[in-house]
Amino acid sequence: MTRPIRVANGQGFWGDSLQAPIEQVRRGPIDYLTLDYLAEVTMSIMQKQRSRDPRSGYARDFVPMIEEVLPDLVEHNIKVVANAGGVNPEACRDAVIEVARRKGFAGKVKVGIVAGDDVMDRLDDFIARGIELRNLDTGEPLSSVRSSVQSANIYFGGRPVAECLGKGGQIVIAGRVTDTGLTLGPMIHEFGWAEDDWNKLAAGTIAGHTVECGAQCTGGNCLIDWDTISNAADIGYPVVEASSDGTFVITKHEGTGGRITVAGIKEQLLYEMGDPREYITPDCVADFTSIHLEQAGTNRVRFSGITGFPATEFYKVSVSYSAGWKAVGSLVYAWPDAFKKAQAADRIVRERLERLGLKYDEVLTEFVGANACHGALAGPPPSDIAEVVFRIGVRSQDKRVVERFTRELAPLALNGPPTVTGFGAGRPKTEEIVAYWPALIPKTEVQPRISVIEA
Amino acid sequence: MARVKLIEIAHARSGDKGDTSNVGIIAYKPEYYPILVEQVTAARVKEHFKGICFGEVERFVIPNLHALNFLLHKSLDGGGTISLRTDAQGKTYSTALLRMEIEVDDSVARDIGVAHC
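The listed protein sequences correspond, in order, to chains A and B. Per the working numbering, the first sequence starts with residue 1, numbered consecutively. Per the working numbering, the second sequence starts with residue 1001, numbered consecutively.
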């Protein structure tokens, strides 16, 4: 039996801790560092960046991070798997290679890419051939928003990651590889799991799901006994100790903060879950009702018994498209009658928008401190509530009416209800809405493009 | 029997997929799990989230985790980047569901330290 491998996650989304990947490399033994940078909206931002500068369009934070840890990676033979490539994995690779050469690692590190997920240029061809890319939620064909599309990417799984590692890639930079594929890929590579070994592929997928949100499985955003989670400032990010038989342990480095318990792990397993028996990825369909969990020491939870089913014939495609404009602004009202004042301000703004003849697809008001999160379930706020934030947003296809709205909050400082403050940040910003269009495409239509080059 | 809030016997986490939020609830103890299965039905959850969830509510059971998972369709004002809500990703719907009142028998009430009535 092959020895277990240690696969660490050092990034749950683009914007997560800059320090976490560095700590994962330095504070304990690992074989792989995985980093998840991509969310649906990220792809469209990157697409816009690339259209302005052909050398951009990837997660820029990745390059200085690699620069920092490269000596450690080389010394300890740690491999990196990240979907930092965004919509331009080649440019990300070139930047990493440049850094490696500059730091004296020429000839000492191989950088690979997993590309081919970007199908933006093929959409018209797909549609012409009857691949309608219908929205999984609404059933509408993509042609209805075709002219507004900003990016289109296939979700690849762990298999192409494994292939890139197999070609000698020490730093694997992927485009839109699934979060779970980043963790599963190293396992397929190390253990040689077959394409139809559904149980093991499901196990690696569930390991990936558990760690894909970084510290959210080690005590971050954890509801159970949250106030006794120790040393959260130094929270340890997760490490999977994976065995070739498909069992694994979720743990973290010695001496780091946070907490790994069966109860906390259960919370993360449920995060963003749909049908627990059908967790569909490009690699397999995993069955969350098969998981057996046990506490296997302090900050160690062992997973076993996982079963899976054959993968589907389809890849998921993530399309982003421009869907109008929005703006959200807020003002703060203080005691006494804070809630009533905020409600009065809301009535005034709405009446003024109406007098101006402005029409919106939606106008939404929340009173932060009273009901923004839980709505009516929160019940009425206490009559002596210290302060309430009046928060109002609008949405429209017409940018001008949204911009006009952004001028209607500040005047309330002088011409609305009293004891109002919090307008210091200036007018609300008018933002373009980039919406997300999930669809399916036959796997036969696209092939990942894999290459490895030496720095 | 005693009426208690769900938070006395369960913890939770929630997330999103587009305009659908998922709320997973987990029994603190295996013996509380049947209470969840019996009382926290899809219909009750739909009623609980009146004014928040405008679509269907689906329920899935996960006995091995002593957990239930709910999908609340049309509950995020369009979801993701479209939504105007503070909580566009339904991150706080976890505890919103734990506000639900359920009935527990006296032994459970004693167990969780609630005076029975």
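Think of the CB as a built atom: it goes at the ideal place given N, C-alpha and C, for glycine as much as any other residue.
Discussion item. For a cutoff of 8 Å on Cβ pairs, would you count I224(A) as touching chain B?
Written reply: Translated into the one-based positions of the first sequence, residue 224(A) becomes position 224. True, the Cβ-Cβ gap to chain B drops below 8 Å.
Item to complete: Determine, using beta carbons only, whether A376(A) comes closer than 8 Å to chain B.
Response: Sequence index remark: in the first sequence, residue 376(A) carries index 376 (1-based). Chain B, which has a Cβ nearer than 8 Å to the Cβ of A376(A), makes this yes.
Discussion item. Classify C1117(B): buried if its beta carbon has 16 or more other beta carbons within 10 angstroms, exposed otherwise.
Written reply: Mapped onto the second sequence, residue 1117(B) falls at position 117. Note that C1117(B) scores 44 on pLDDT, short of 50, meaning its location in the model is unreliable and no value can be drawn from it.
Worksheet item: How do the region 261-280 of chain A and the region 47-61 of chain A stand: do at least 3 beta-carbon pairs fall below 8 Å, yes or no?
Response: no
Fill in: E366(A) to V332(A) span [Cα, whole Å]
Within the first sequence, the letter at position 366 stands for residue 366(A). Within the first sequence, the letter at position 332 stands for residue 332(A). Going by the C-alpha atoms only, they are around 12 Å apart.
Fill in: Reduced DSSP category for N1064(B) - H, G, I as helix; E, B as strand; rest coil
Taking the second sequence and counting its residues from 1, one reaches residue 1064(B) at position 64. Three-state DSSP puts N1064(B) in a helix.
Practice prompt. Using only alpha-carbon positions, find the residue among I127(A), D137(A) and G329(A) that is nearest to A425(A).
Written response: Within the first sequence, residue 425(A) is the residue found at index 425, counting from 1. The shortest Cα separation from A425(A) among I127(A), D137(A) and G329(A) belongs to G329(A).
Worksheet item: Taking only runs of the beta strand (DSSP E) that begin and end inside the region 304-388 of chain A, which ones reach a length of at least 3 residues, in chain order?
Response: 307-309, 314-334 and 362-368
Discussion item. Quick check on Y32(A): does DSSP put it in helix, strand or coil?
Written reply: In the first sequence, residue 32(A) corresponds to position 32, counting from 1. Strand.
Worksheet item: Quick one: is P21(A) near chain B, going by C-beta distance under 8 Å?
Response: Locating residue 21(A) in the first sequence gives position 21, where the first residue counts as 1. Judged by the 8 Å Cβ criterion, P21(A) is not in contact with chain B.
Discussion item. In the DSSP assignment, the beta strand (DSSP E) including W14(A) goes from what residue to what residue?
Written reply: For the purposes of this step, residue 14(A) is taken as residue 14 along the first sequence, with counting starting at 1. Note, W14(A): premise wrong, no beta strand (DSSP E); not H, not E.
Worksheet item: Counting along the chain, where does the alpha helix (DSSP H) carrying N415(A) start and finish?
Response: As a working note, residue 415(A) is residue 415 in the first sequence. N415(A) -> alpha helix (DSSP H) spans L412 to N415.
Discussion item. Helix, strand or coil for R474(A)? Go by DSSP, reduced to three states.
Written reply: The requested residue 474(A) is not part of the displayed model; chain A covers only 1 to 455.
Item to complete: Entirely within the region 1075-1108 of chain B and at least 4 residues each: give me those alpha helix (DSSP H) ranges in chain order.
Response: 1093-1097
Practice prompt. Would you please verify whether the beta carbon of L38(A) is less than 8 Å from any beta carbon of chain B?
Written response: Translated into positions along the first sequence, residue 38(A) becomes position 38. By this cut-off, L38(A) is not an interface position.
Discussion item. Taking contact to mean 3 or more Cβ pairs, one atom from each stretch, closer than 8 Å, check whether the region 60-78 of chain A and the region 1014-1032 of chain B are in contact.
Written reply: no
Worksheet item: On the three-pair Cβ rule with 8 Å, is the region 331-348 of chain A touching the region 384-396 of chain A?
Response: yes
Worksheet item: So what's H292(A) in DSSP terms, helix, strand or just coil?
Response: Along the first sequence, one-based indexing puts residue 292(A) at 292. Strand at H292(A).
Fill in: Where the alpha helix (DSSP H) through H76(A) begins and ends
Residue 76(A) sits at position 76 when you count from the first residue of the first sequence. First-last of the alpha helix (DSSP H) with H76(A): F62 to H76.
Worksheet item: Closest Cβ-Cβ distance between R1059(B) and chain A: below 8 Å?
Response: Here residue 1059(B) refers to the residue found at position 59 of the second sequence. So, not an interface residue.
Worksheet entry | 8 Å Cβ cut-off: residues of chain A touching S1017(B) | Mapped onto the second sequence, residue 1017(B) falls at position 17. Note on residue identity: the sequence assigns Lys, not Ser, to residue 1017(B). Those within 8 Å of K1017(B) in chain A are E272 and G274.
Worksheet item: Among E432(A), V262(A), P418(A) and T251(A), which has the Cα closest to the Cα of K399(A)?
Response: Taking the first sequence and counting its residues from 1, one reaches residue 399(A) at position 399. Nearest of E432(A), V262(A), P418(A) and T251(A) to K399(A), Cα basis: E432(A).
Practice prompt. Can you grab the Cα-Cα spacing for the pair P21(A) / L440(A), in whole Å?
Written response: As a first step, residue 21(A) must be located in the first sequence, where it is residue number 21. As a first step, residue 440(A) must be located in the first sequence, where it is residue number 440. If I take the Cα positions, the gap works out to 33 Å.
Discussion item. If you reduce the DSSP assignment to three classes, tell me which class N153(A) lands in.
Written reply: By one-based count along the first sequence, residue 153(A) stands at place 153. Strand, per DSSP.
Item to complete: Report all residues from its chain with a CB closer than 6 Å to the CB of A323(A); omit the five preceding and five following residues, and keep chain order.
Response: Here the question's residue 323(A) lines up with position 323 in the first sequence. Closer than 6 Å at Cβ, skipping near neighbours: I433 and A435.
Practice prompt. Can you grab the Cα-Cα spacing for the pair G236(A) / A203(A), in whole Å?
Written response: By 1-based counting over the first sequence, the position of residue 236(A) is 236. By 1-based counting over the first sequence, the position of residue 203(A) is 203. One C-alpha to the other measures close to 23 Å.
Worksheet item: How many angstroms separate the CA atom of Y159(A) from the CA atom of D283(A)?
Response: Here residue 159(A) refers to the residue found at position 159 of the first sequence. Here residue 283(A) refers to the residue found at position 283 of the first sequence. Residue 159(A) is actually Arg in this sequence, not Tyr. Whole-angstrom Cα-Cα distance: 7 Å.
Fill in: T281(A) classed as buried or exposed, judged by whether at least 16 other C-beta atoms fall within 10 angstroms
Sequence index remark: in the first sequence, residue 281(A) carries index 281 (1-based). Flag for T281(A) reads buried.
Worksheet item: Between which two residues does the beta strand (DSSP E) carrying F248(A) extend?
Response: Taking the first sequence and counting its residues from 1, one reaches residue 248(A) at position 248. F248(A) -> beta strand (DSSP E) spans F248 to T251.
Worksheet item: Can F248(A) and T2(A) be called in contact, C-beta distance under 8 Å?
Response: Indexing the first sequence from 1 puts residue 248(A) at position 248. Indexing the first sequence from 1 puts residue 2(A) at position 2. Cβ distance not < 8 Å, so F248(A) and T2(A) don't count as in contact.
Discussion item. Between L33(A) and Q24(A), how many whole angstroms is the CB-CB distance? I'm expecting something under 8 Å.
Written reply: Taking the first residue of the first sequence as 1, we reach residue 33(A) at position 33. Taking the first residue of the first sequence as 1, we reach residue 24(A) at position 24. Going by Cβ atoms, the distance from L33(A) to Q24(A) rounds to 6 Å, so yes, they are a contact pair.
Discussion item. Buried or exposed for M1001(B), going by 16 or more other Cβ atoms inside 10 Å?
Written reply: As a first step, residue 1001(B) is located in the second sequence; it is residue number 1 there, counting from the start. Looking at its Cβ environment, which holds fewer than 16 other Cβ atoms inside 10 Å, M1001(B) is exposed.
Worksheet item: Among A1043(B), H1011(B) and H1048(B), which residue has its Cα nearest to the Cα of L223(A)?
Response: For the purposes of this step, residue 223(A) is identified with residue 223 of the first sequence, where counting begins at 1. The candidate whose alpha carbon is nearest that of L223(A) is H1011(B).
Worksheet item: What residues of chain B sit near L364(A), judged by a beta carbon separation below 9 Å?
Response: Counted from its first residue, the first sequence places residue 364(A) at position 364. The answer, in chain order, is D1077, S1083, L1084 and R1085.
Practice prompt. From the DSSP output, in three-state form, read off R395(A) for me.
Written response: One-based indexing of the first sequence puts residue 395(A) at position 395. Reduced to three states, the DSSP call for R395(A) is strand.
Discussion item. One question on the structure: do L1097(B) and I1025(B) come within less than 8 Å of each other, judged by their Cβ atoms?
Written reply: As a first step, residue 1097(B) is located in the second sequence; it is residue number 97 there, counting from the start. As a first step, residue 1025(B) is located in the second sequence; it is residue number 25 there, counting from the start. For L1097(B) and I1025(B), yes; Cβs fall inside 8 Å.
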